[in-house]
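Notes for the one structure printed next.
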Amino acid sequence: MDDFAQRSGAALVLGASGGLGQTITRMLIERGSDVAMTYFRSAGTLEPLRAAAKEHGRTAKAWQLDLSDAAQTSEVVTEVAAAFGGIHTLVYAAGPHVPMVHLSRITPADFRRQLTEDTTAFFNAAHATLPHLRSAQGNIVAVTTAATTRFPVRDSLSSAPKAAVEALVRAIAAEEGRFGIRANCVGPGMTTDGMAIRLFDSGDFDEHAREIARGNIPLRRFGDADDIAEAVCFLASDRAGYISGQKLDVDGGYGA
């Protein structure tokens, strides 16, 4: 599958160092795209992706980025567009760790911080990238959550900011479609990769909670990063050329 080989410029993957971001980036490379990768702390996880790009005859470059800093975000986006001759896809796979806490125990300061580190971060990136996506008639795919379709208890710190991201994606689809830009979301359910690993390790999501979660999923199993990456790469490709303003939940039927 060579979906992106004819695209000029690169896919910009925000949060490429995360569990989902790494898999999405690798799949974009395998399907013919050059990639610009951003990370917040974990630069070392990107080395295998550079090697994969070289193996496939593509180019992968990395930038350290704090997405809550609008000025730095704009600067990095400008550097990426100059380095690759444009940006054809923006993938938002970034986001802070989200502890599972009942709504009544979330402080206003914690909620404000989550909005800044997630919703505002996405806005900063989209705002900076839109001029380049207009030139490329490109697209945005934001990785959000299946929890905005069916709410799981203790997930407010994730679902509320992600719901705002989804609203922004629909706004972009409605307002920027005249420039040829598409914008969509992928909503992961419970997976064995990405943020779920931190929830398992922290004890926020113990084995008993996992069994309950499996019982709420019609397929009776969790997904993995490849499941999410497939959906992202499909929506970013020309095969989804008439799909915009939509959210594809990859959740084993959880929201059915």
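Just so you know, the sequence shown maps onto residues 53 to 308 in the numbering used here.
Cβ atoms here follow ideal geometry from the backbone N, Cα and C, with glycine treated the same way.
Bounding residues of the alpha helix (DSSP H) (the contiguous stretch that carries residue i)
| i | result |
| --- | --- |
| MET79 | 71-82 |
| ASN268 | Here ASN268 belongs to no alpha helix (DSSP H), and DSSP marks it neither H nor E. |
| THR125 | 122-136 |
| ASP86 | Careful: ASP86 lies outside any alpha helix (DSSP H), inside the beta strand (DSSP E) at 86-91. |
| ASP55 | Run containing ASP55: none; DSSP gives neither H nor E here. |
| LEU117 | Looking at the DSSP string, LEU117 is not in any alpha helix (DSSP H), and its letter there is neither H nor E. |
| VAL302 | Per DSSP, VAL302 belongs to no alpha helix (DSSP H); it is in the beta strand (DSSP E), 299-302. |
| ALA223 | 208-228 |
Closest residue to residue i among the options (Cα-Cα distance)
| i | options | result |
| --- | --- | --- |
| TYR306 | GLY138, PRO240, THR244, ASP276 | PRO240 |
| PHE174 | PRO213, THR201, GLY190 | PRO213 |
| VAL87 | VAL65, GLU99, LEU72, ALA188 | VAL65 |
| PRO151 | LEU142, VAL143, ASP162 | ASP162 |
| ARG186 | GLY232, ALA194, GLY73, LEU271 | GLY232 |
| ILE269 | GLY304, GLU282, ASP258 | GLY304 |
| LEU85 | GLY96, SER120, PHE136 | According to the sequence as given, residue 85 is Ser; it is not Leu. The shortest C-alpha separation from SER85 is found at PHE136. |
| ALA281 | ILE158, VAL238, ALA292 | VAL238 |
| THR200 | LEU300, GLY109, GLN58 | LEU300 |
| ALA99 | GLN58, LEU119, GLY70 | Per the sequence presented here, residue 99 reads as Glu, with Ala not at that position. When each option's Cα is compared against that of GLU99, the closest is GLY70. |
| ASN191 | ALA225, PRO160, ASP258 | ALA225 |
Residue j beta carbon less than 8 Å from that of residue i
| i | j | result |
| --- | --- | --- |
| GLU318 | THR196 | Nothing can be reported for residue 318: it is not among the residues displayed for the chain, which extend from 53 to 308. |
| ALA63 | HIS140 | yes |
| ASP279 | ASP55 | no |
| GLY297 | ARG222 | yes |
| LEU72 | ALA133 | no |
| VAL193 | ASN236 | yes |
| ARG83 | MET53 | yes |
| LEU101 | ALA68 | yes |
| MET242 | ALA277 | no |
| ILE81 | ALA103 | no |
| SER210 | GLY138 | no |
| VAL143 | ILE76 | yes |
| ILE107 | LEU182 | Here residue 107 turns out to be Glu, not Ile, going by the sequence shown. No, these two residues do not count as a Cβ contact at 8 Å. |
| ARG202 | ILE295 | no |
| THR41 | GLN74 | Since the first residue of the chain shown is 53 and the last is 308, residue 41 is not available in this structure. |
Where the beta strand (DSSP E) through residue i begins and ends
| i | result |
| --- | --- |
| ASN191 | 191-195 |
| ILE158 | Premise fails: ILE158 is in no beta strand (DSSP E) and is neither H nor E. |
| ALA188 | Counting along the chain, ALA188 falls outside any beta strand (DSSP E), though it belongs to the alpha helix (DSSP H) covering 173-188. |
| ARG310 | In the structure displayed, the chain extends from 53 to 308; residue 310 sits before or after that span and is not available. |
| ASP278 | No beta strand (DSSP E) contains ASP278, which is instead part of the alpha helix (DSSP H) from 277-288. |
| LEU101 | Here LEU101 belongs to no beta strand (DSSP E); instead the alpha helix (DSSP H) covers 99-107. |
| ILE139 | 139-144 |
| ARG65 | A quick correction: the sequence has Val, not Arg, at residue 65. Note, VAL65: beta strand (DSSP E), 62-66. |
Own chain residues within Cβ distance below 6 Å of residue i, not counting five before or after
| i | result |
| --- | --- |
| PRO148 | GLU169 |
| LEU155 | SER208 |
| ALA292 | PHE286 |
Residues near residue i by beta carbon distance below 8 Å, same chain, minus five either side
| i | result |
| --- | --- |
| GLU131 | TRP115 |
| GLN189 | PHE231, GLY232, ILE233 |
Cβ shell of residue i (< 7 Å), same chain only, five flanking positions each side left out
| i | result |
| --- | --- |
| ALA198 | GLY239, PRO240, GLY241, ASP301, ASP303, TYR306, GLY307 |
| LEU271 | GLY304, GLY305 |
- Query: So, do the segment 80-93 and the segment 157-173 have three or more beta carbon pairs nearer to each other than 8 Å?
  - Reply: no
- Item | Any 3 or more C-beta pairs closer than 8 Å across the segment 195-209 and the segment 103-114 | no
- Can at least three beta-carbon pairs, one atom from the segment 279-287 and one from the segment 173-188, be found at a separation below 8 Å? no
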